[in-house]
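> Numbers 2 to 448, taken from this note's numbering, label the letters of the sequence shown in order.
Backbone N, C-alpha and C define an ideal beta-carbon position, used for all residues, glycine too.
I'd like to ask some things about the structure below.
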Amino acid sequence: MLRIKTAFALLLSGAVFSAGAFAAPSVYPTGVTRYDPDKAFNQYVIFSGADKQTHLIDMNGNEVKTWPQAGFPSAIIDPKLVDGERGHVLLQLSDKDPGKLGSAGNGLGNQSVGELDWNGKVVWQWGDKAPGGAAQQHHDQRRLSNGNTVVLANKVHPIKGFKVPEVIDDAIYEVSPDGEVKWQWLASEHLNEFGFTPEQLKLVRGSEDADYLHINNLSVVGPNKWFDAGDKRFNPDNLLFDSRNANFIAIIDKHSGKVVWRLGPNLPLASPKTARTLPRPVDQFVGQHDAHIIAAGLPGAGNVLVFDNQGSAGYPNVTLGLISGSRVLEIDPVKNEIVWQYSAANSKQPGWAFYSSFISSARRLPNGNTLIDEGMNGRFFQVTASGENVWEYVSPYLGKAPGGDAISNWVYRALPVSYDWVPQGTPRSETAVIAPGIAIQQTNASR
């Protein structure tokens, strides 16, 4: 709170400090900048910062736990899957030489992943037994109900007909506790299932980007009403993923490996005339992240929630609007309709006020709010169903930005964490924070 109050005082006084080598604003608030305890869903939030450490914060931005490892992303483990022990996480544990194709946004520099307990002890690790001798995990890893761990990874190899000599392919491995691969899937073996036209397939194979699909999300479908009603595409064991570079979301049948449900890549462009109409047929998402089925028991259960970056992507690249921003979309996956959305317009702001061209996430909360990570700006916030911002946090943790030496507070993904996930006695704070803009308005009104 002291950091926030100091930054706020500087903003009001107009004080300016030299930023030195930093390109970020000279003065800006970090930490929690607004918080309405009555309207927000009160919880912890976990994220890996640009400082390559994993942080667990409370509603006032107090750091209640830090693991000195990063996650891409950090992933929490349900205590039911680890004999009731609280506070276990999946993180990246060691690095390796990424090779000539290594860059930001893929797993070529990752040697091993593993499970750590609340005290930071490594209780499970995987890497040396992985295909090629390294996990090369990226973007997701999840503990399954059977005790295995599903890992999204990269595989570098040549594919006949591609322009580049080797591609950075996307692989999925289901790994047993003893490190054995029990099931695997390779994206390049399913190119004809992703909805590309013949012309688009030529562009895919002719791409100079070795990371031609850049799958950036993997989740388990989980129990849902669609499967309960007889729709086998939504088998709880099936896996859902999305491709940032190719603008599609898909579900893999866990038994056959075939794509059994897909949305994209070719959707109608969003129209300003219908942009606020709900429900409506799904319009073109671009460079999306964090697609998943909203879990049973949460508002919107069974629908797909996705952060639509509206970043450059597609075969060919989708035309983007001049003043548009990012969106969060809730989609009925049977009717393929948008049934809820969030954009800056919902908070009565111009479109560009909410925008992250890459990374980012969105998660539904038990009270109907949605936790959103505007990743490239390191900003997390909760919005109500009507779009009111009731909690906001700006990460103070700085490090190198992806793809260069610039300094940033970027955050790939922020996840909600319930109070009963942590060990008993873990501290937390729930003190209201009035947003600076509101405070300024109140001060002016009292004069």
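1. Quick one: what's got a C-beta closer than 8 angstroms to Gln469's C-beta in the same chain, skipping five residues either side?
2. Give the DSSP bridge partners of Pro282, in chain order.
3. Out of curiosity, what's the CA-to-CA distance linking Ile160 and Pro166?
4. Would you mind working out which of Gln425, Ala276, Pro417 and Pro437 sits nearest Asp59, comparing C-alpha positions?
5. Let's see if you can read the secondary structure: which residues bound the alpha helix (DSSP H) around Val205?
6. Which residue marks the beginning of the beta strand (DSSP E) containing Lys183, and which one marks its end?
7. Quick check on the DSSP output: the beta strand (DSSP E) that includes Phe242 runs from which residue to which?
8. Give me the residue from Asn267, Phe235 and Ser272 with the minimum Cα distance to Asp254.
9. Roughly how many whole angstroms lie between the Cα atoms of Trp184 and Asn217?
10. Please state whether the Cβ-Cβ distance between Ser325 and Gly352 is less than 8 angstroms.
11. Under DSSP, the alpha helix (DSSP H) around Trp227 begins and ends at which residues?
12. So what does DSSP say about Ser348, is it helix, strand or coil?
13. Pairing CB atoms from the region 397 to 404 with CB atoms from the region 90 to 103, are three or more of them under 8 angstroms?
14. Given a cut-off of 8 angstroms on the beta-carbon distance, is the pair Ile78 and Glu116 in contact?
15. Leaving out the 5 sequence neighbours to the left and right, which residues in its chain are closer than 6 angstroms to Asp1 when beta-carbon positions are compared?
16. If I'm right that Gly303 touches Phe359 with Cβ under 8 angstroms, what's the distance once you round it to whole angstroms?
17. Taking the straight line between their C-alpha atoms, what separation do you get for Glu460 and His139?
18. Pick from Leu264, Gly128, Arg277 and Arg245: whose alpha carbon is nearest that of Lys349?
19. Applying the 10 Å Cβ sphere with the 16-neighbour rule, what's the burial state of Glu393?
20. Report, in whole angstroms, the separation of the C-beta atoms of Ala135 and Lys97, which I expect to be a contact under 8 angstroms.
21. With contact counted as at least three CB pairs below 8 angstroms, one residue from each stretch, are the region 64 to 77 and the region 422 to 430 in contact?
22. Where do the N-terminal and C-terminal ends of the beta strand (DSSP E) with Asp374 fall, by residue?
Let's see:
1. Nothing in the structure corresponds to residue 469, since the chain is present only between 2 and 448.
2. When DSSP reads this structure, Pro282 sits in a beta bridge with Glu338.
3. Approximately 8 angstroms, taken between the alpha carbons.
4. Among Gln425, Ala276, Pro417 and Pro437, the Cα nearest to that of Asp59 belongs to Pro417.
5. Where Val205 is concerned, the enclosing alpha helix (DSSP H) stretches over Pro199 to Arg206.
6. Residue range Val182 to Leu187 is occupied by the beta strand (DSSP E) that includes Lys183.
7. DSSP places Phe242 in the uninterrupted beta strand (DSSP E) bounded by Leu240 to Ser244.
8. The shortest C-alpha separation from Asp254 is found at Phe235.
9. One C-alpha to the other measures close to 20 angstroms.
10. Yes, the Cβ-Cβ distance between Ser325 and Gly352 is below 8 angstroms.
11. That run of the alpha helix (DSSP H) goes Lys226 to Asp229.
12. In the structure shown, Ser348 sits in a helix (DSSP, three-state: H, G or I).
13. Three or more Cβ pairs closer than 8 angstroms define a contact, and the region 397 to 404 falls short of that threshold against the region 90 to 103.
14. Yes, these two residues count as a Cβ contact at 8 angstroms.
15. The structure shown does not extend to residue 1, since the chain is modelled only from 2 to 448, so the question has no answer here.
16. Taking a contact as a CB-CB distance under 8 angstroms, the pair Gly303 and Phe359 does not count as one, their CB atoms being some 28 angstroms apart.
17. This structure does not reach residue 460, given that the chain is present from 2 up to 448, and the question cannot be answered.
18. Residue Arg277 is the option with its Cα nearest to Lys349.
19. Flag for Glu393 reads buried.
20. Contact holds; Cβ gap of about 6 angstroms.
21. Taking a contact to require three or more Cβ pairs closer than 8 angstroms, the region 64 to 77 and the region 422 to 430 qualify as touching.
22. For Asp374, the enclosing beta strand (DSSP E) starts and ends at Thr371 to Glu375.
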